[in-house]
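A.B. asks: Each residue of the sequence shown is one higher than the one before, starting from 3 at the first, in the numbering used here. We treat Cβ as the ideally placed atom computed from N, Cα and C, and that holds for glycine.
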Amino acid sequence: MSSLTFYTTAGCHLCENAASLLSQLKTNRAVNIVEVDIAIDEDLVERYGTRIPVVRRNDNLRELGWPFTLEQLESFVQHEDIFL
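#1: Rounded to whole angstroms, what's the CA-CA distance from residue 68 to residue 55? Just pull it up for me.
#2: To the nearest angstrom, report how far apart residue 44 and residue 11 are at their CA atoms.
#3: What residues match up with residue 6 in a beta bridge as DSSP calls it?
#4: From residue 36 to residue 81, what distance separates their C-alpha atoms?
Here it is in structure tokens:
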């Protein structure tokens, strides 16, 4: 099972769009998604504040930043060698 971290925050409409895609992804494949609100950590705000939504693979720590499609998200989860 793939494991992802989804960096987001309240009031982020792009994050809502990404969350919808992640929900669709979960219907197509076994994936564990941990949602992290960057507002809880100053370092996360500094790192992701202007980049969210961001999805990180927990096995290789690669990140997929917005904008992305469902197809790009599926490819990101499936392939180890993708850089987006």
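C.D. replies: Based on what the coordinates show:
#1: 6 Å
#2: 13 Å
#3: 35 and 59
#4: 19 Å
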